[in-house]
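Heads up: the structure comes next, in structure tokens.
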Amino acid sequence: MAIPRKPATIMDVAAASGVSYATVSRYLNGNPHVSAKAAERIAAAVKQVNYTPNNAARSLVRQRTQTVAFVVHGQPDSLIADPNINTILLNANQTLGNADYQLITLISDSPAAGARIARLASSGFADGWILNTFHKDDPLFQRFANISVPVAISGVGYGSAIPFPTVDIDNRLASRKLTEHMLGRGYRRIAYIIGPPYLPCSDERLLGFQDAMAGDFDPALVIRSDGWTRPDGRNAVVRLLDSLAEPSGSRLAGADASVPELLAEHHIDALICGSDCIAAGAMNYLLDRGVRVPDDIAIAGFDDSADATAMHPQLTTVHQPMDAFGVSLATLVLDQIEGRPFQRTVFLPTEVVARGSTGE
């Protein structure tokens, strides 16, 4: 029976290259204080003896785990269905992988899960942390603020109020530009479905809508969605229609055939929603009740996600670069881990994308 050959060690590399163990160690750990001649000899020796670095040992020496944890706040079913989170995750993973770090995903879906994540953060479980979809009052905010670890957060409206480096867009400005686009298309009586209150971007986007509508803003045409899903959008538009029907003493209930007439009676010619997912849910409900989009009502969303292009007609929306969110969040954490200079707030560009749901 053949005896398996033992893996080559750093001592084998040192012997084959004719340089000291310490010099080989500095070279393998990326220390710049190795001469070009020695580096060349070590590189040749690594190939000669077929040396493979022991990453576990290197991590112990550097006091690194070579991991970054991605913490998502929310229920697993809704998170998996969210195309924005998936895009951010994929791009963050790619960026970290290119730097020889592994991304680990943790879901904070309950107080108990949040407490476990807090303990992991304090224990040195990961070299850095990316926080996404965090609620305004999330207790993990304070826990991360009280420990010295590299953190980056997907800001979505937190701006300078957050204690961590942030990747964000100007939600208020983007929403104002979208509303101005709708006004420029001739729409005047515009309803609005605002996102849930636990993320600050919801109110930021409503403020942008108010800015553009100015004196024509009607708070009676604003309905709050309970969440970001299609069913949440459906439920919100039903509540909007019910509120319109109330003055006449009747609620919609099963009288779905009255929806187009109800919109016409109140001269509502457009609907803007806090996200594409909400808009898709609202739009499907209206289409199923005989409402023509955009002939009876124009509809716009926000995000430019897969939900926007899956609709027929496709949704006019605000494009925010979700791939850049992932890259920027990962880069912010890597810069902190490696001791490089980093930006406190990274603002990403947005643009209005006009499609068929507003008659483009």
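Heads up, the sequence shown is in my numbering, so the first residue is 21 and it goes up one at a time.
Think of the CB as a built atom: it goes at the ideal place given N, C-alpha and C, for glycine as much as any other residue.
No Cβ-Cβ contact shorter than 8 angstroms links Ser-245 with Pro-220. Counting every other CB atom within 10 Å of its CB across the protein chains shown gives Met-303 a total of 16 or more, marking it as buried. Scanning Ala-89, Thr-43, Val-33, Asp-188 for the CA closest to the CA of Val-353 turns up Ala-89. By the C-beta density criterion, Asn-111 is buried, having at least 16 other C-beta atoms within 10 angstroms. According to DSSP, Ile-288 shares a beta bridge with no other residue.
Fully contained in the region 202-255 are the following alpha helix (DSSP H) runs of length 4 or more, in chain order: 220-233.
Only exposed fits Glu-281, as fewer than 16 other CB atoms lie within 10 angstroms of its CB.
For a cut-off of 8 angstroms, the C-beta gap from Val-366 to Val-187 is around 5 angstroms, short enough to register as a contact. For Phe-367, the enclosing beta strand (DSSP E) covers residues 365-367.
Taken atom to atom, the span from the alpha-carbon of Ala-240 to that of Gln-114 is near 45 angstroms.
The count of Cβ pairs closer than 8 angstroms, one atom from the region 221-231 and one from the region 185-204, reaches three, so the stretches are in contact.
Going by DSSP, Thr-107 is part of the alpha helix (DSSP H) stretching over 103-118.
Within the same chain, Gly-148, Pro-170, Phe-362 come within 7 angstroms of Gln-356 by CB-CB distance, once the 5 residues on both sides are set aside. Shown here, Ala-320 sits in a strand according to DSSP, grouped into three states.
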